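In mature numbering (1 follows the signal peptide of the UniProt record, and there is no 0), the protein residues as written are -23 to -1, 1 to 506.
Inspection log for the structure reproduced underneath, given as structure tokens.
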Amino acid sequence: MEISKPLLVFFSLVFFNPSFSWAAPDPTYQSLLQCLSEIIPSPNVSAVIVSNNNPSFASILESRIHNARFNRTSTLKPAIIITPSDESHVSAAVICSQKVGFQLKIRSGGHDYEALSYTSDKPFFLLDMYNLRDVSIDIPDESAWVQTGATLGELYYHIWEKSNVHGFPAGVCPTVGVGGHIGGAGYGTMIRKYGLTTDYVIDAKIVDVNGKILDRKAMGEDLFWAIRGAGGANFGVVTAYKIKLVKVPEKVTVFRVERFLDNNGTEVAFKWQTVGATTDPNLFTRMLLQPNTKDKQKTVKVTVMGLYLGDINGLLTLLNKDFPELRLNKENCTEMPWIDSVLWWANFDLGTPPNILLDRNNKDTKFVKRKSDYVQTPIPRDGLESLWQKMVQNEKVGLTCNSYGGKMDEIDPKESAFPHRKGNLYKIQYSINWDDPSNEADIKYTTQAKTVHEFMTQFVSKNPRRAYLNYRDIDIGSAKTWSYEEGKVYGESYFAENFDRLVDVKTAVDPNNFFRNEQSIPPRSTKMA
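Right, dumping it as structure tokens:
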């Protein structure tokens, strides 16, 4: 049967256009569409919104879900995904979500370990920043404007395109979104030399609760202080950051050394705790503690890996003096351009071209749980021995220990909203991954993480026990009514002495608490929008 040309055009629009509305009868969709149409001067407003019965809905939602625990059939999905491609779309989304009466969740890269950026227990809209991903590099000014939907990989790639002696002190996972990473005080392998991502933010653009687009001058220094470390989604929608780039040598050196407990592992782990935080700031080291099996015996593998902003000879001289227990030799080390070290830390093979950093695809999503701690005094040898026993009993929980000191000791904890600076030797991430989708497996493995975390109480920071916002952990506490008392439980862990000032900023800029999640900053008195 021959199909008429008008019908062909219709079917092409329906089946191949992701913006086609499959939810025309839905009153919520219609109300949002009408409101957006009144604000956005474009005939293609429908291209910005995707209802939950649009054929593209699942692929858009799942493409930036990095924890399979929050991609179950029982997980409440957004009623509508809003996909802005311009700042004005963000402004309209904020205004219209309030007018229609829906909470708005904001997602950059989707690496929130507790999925607070894209899940809720109440109906909500999802503002997905995916299309706001421009990166503009200004090498003469040693700065860049980067939109919050870009990934770290895209940022690193565009820096490398313009210069092989500039970088940015951000994280090692290239698919992490710029928005959440910088807003939550992201860190990386240059933390000891340069500090955190937030320490290099010099301007920003944020859409406030009234839909106004504000730069640093317009938002004021209190709000600018708050969005550097406390997550922009507490106070508005950050659409872009202006960042200062940092200098890197033409060649850097990476290394990796593994030891088991029967081969000096405990001594390496003990010594690393102080060396990592006190050695030359050009050296960052990470210690991985992982349950393992060797010769059919359960044990723990101790791995030390690092980045040195210099050549192999300089690194060997340094560590042979400061850390002879590691027994580092030339065979453990590789010199390379800084951009290749980015690929090395992301576990790509040597020789992988940098354009792989532009790949945003979500691969091999696992079920995961993460927790965090800060260590301020070295764990004694007998404490490490007891930790090994606990790890062997809970055989899937690994500890990633990241060295502090250097620049982190020089920056006042009140300089930005991120407080965990001087006095910390290292930060711990507790990590556990699994593939079994059953509820039994979820209970088993999250319990293992809690068990090891609880065991570590005696060795870590206290009053409050501190935690890292970007390693989101709902076990610390969550808000049901967004009272000050609720918020203080998790707020002091994440923000310590900065929590009260953050509450004051929240009260000033979003008194009705429109921008909220289960661990957001509460206003002084809560009258939710």
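By construction, the Cβ of each residue, glycine as well, lies at the ideal position given by its N, Cα and C atoms.
Quantities reported herein were computed from a predicted structural model and do not represent experimental measurements.
Non-local beta-carbon contacts of Tyr164 in its own chain, meaning distances under 6 Å to residues more than five positions away in sequence, involve Leu173 in chain order. If you check the CB distance, Asp89 and Arg449 come in under 7 Å.
Straight through space, the alpha carbons of Lys54 and Asp3 are spaced by roughly 16 Å.
Residues of the same chain with a CB within less than 6 Å of the CB of Met264, apart from the 5 flanking positions on each side, are Trp249, Val281 and Cys378 in chain order.
Around the CB of Asn332, fewer than 16 other CB atoms lie within 10 Å, so the residue is classed as exposed. Annotation for Pro258: no beta strand (DSSP E) segment contains it, and DSSP assigns it neither H nor E. Residue burial annotation: Arg501 is exposed, with fewer than 16 other C-beta atoms found within 10 angstroms of its C-beta. Exposed is the label assigned to Ser113, since fewer than 16 other Cβ atoms lie within 10 Å of its Cβ. Listed as beta-bridge partners of Asn379 by DSSP are Arg263 and Lys404. The beta-carbon separation of Pro151 and Leu334, rounded to 5 Å, stays under the 8 Å limit for a contact. CA-to-CA, the gap between Phe325 and Arg84 works out to about 26 Å. Annotation: Trp321 to Gly291 spans about 20 Å, alpha carbon to alpha carbon.
For Val429, the enclosing alpha helix (DSSP H) has its first and last residue at Asn416 to Phe432.
The DSSP assignment places complete beta strand (DSSP E) segments of no fewer than 3 residues inside the segment 50 to 106 at 57 to 59, 80 to 84 and 101 to 105, in order along the chain. According to the DSSP assignment, Ala121 belongs to the beta strand (DSSP E) that extends over Ser120 to Gln124. Asp180: not part of any alpha helix (DSSP H); member of the beta strand (DSSP E) spanning Val178 to Val184, first to last residue. The DSSP-derived three-state label of Lys228 is coil. From the listed residues Thr5, Arg110, Glu91 and Val215, the smallest Cα separation to Val77 is found for Thr5. For Gly291, the enclosing alpha helix (DSSP H) starts and ends at Ile289 to Asp299.
For Asn31 and Phe102, the gap between their C-alpha atoms comes out near 14 Å.
Counting C-beta pairs with one atom in each stretch, the segment 381 to 388 and the segment 217 to 236 have fewer than three that are closer than 8 Å, which means they do not touch. Under the DSSP assignment, Phe472 falls outside any beta strand (DSSP E), being part of the alpha helix (DSSP H) whose first and last residues are Tyr461 to Phe472.
Approximately 7 Å separates the beta-carbon atoms of Val25 and Leu13; this is inside 8 Å, confirming the contact. For Tyr218, the uninterrupted beta strand (DSSP E) run begins and ends at Val214 to Lys221, by DSSP. When the beta-carbon positions are compared, Gly156 and Asp185 stay at least 7 Å from each other. Looking from the CA of Glu392, the closest CA among Ala121, Arg478 and Lys427 belongs to Arg478.
Taking all protein chains shown into account, Asn306 has fewer than 16 neighbouring C-beta atoms within 10 Å of its C-beta and is therefore exposed. Membership of Gln370 in the alpha helix (DSSP H) is indicated by the continuous run Arg358 to Gln370. CA-to-CA, the gap between Glu131 and Ala121 works out to about 12 Å.
Counting along the chain, the unbroken alpha helix (DSSP H) around Val482 starts and ends at Phe476 to Val486. Counting along the chain, Phe34 sits inside no beta strand (DSSP E); it lies in the alpha helix (DSSP H) bounded by residues Phe34 to Glu39. Excluding residues up to 5 positions away in sequence, Gln267 and Ser408 lie with their Cβ nearer than 6 Å to the Cβ of Gly375 in the same chain. Residue nearest to Asp487 within the set Thr354, Ala35, Asn187 and Ser74 is Asn187 (criterion: CA-CA distance). Residues of the same chain with a CB within less than 8 Å of the CB of Val231, apart from the 5 flanking positions on each side, are Met282, Gly283, Leu284, Tyr285, Cys310, Thr311, Met313, Ser318, Trp321 and Trp322 in chain order. Each residue's CA atom was taken as its position, placing Lys348 and Phe145 some 26 Å apart. Put simply, the backbone Cα of Arg49 is about 39 Å away from that of Trp315.
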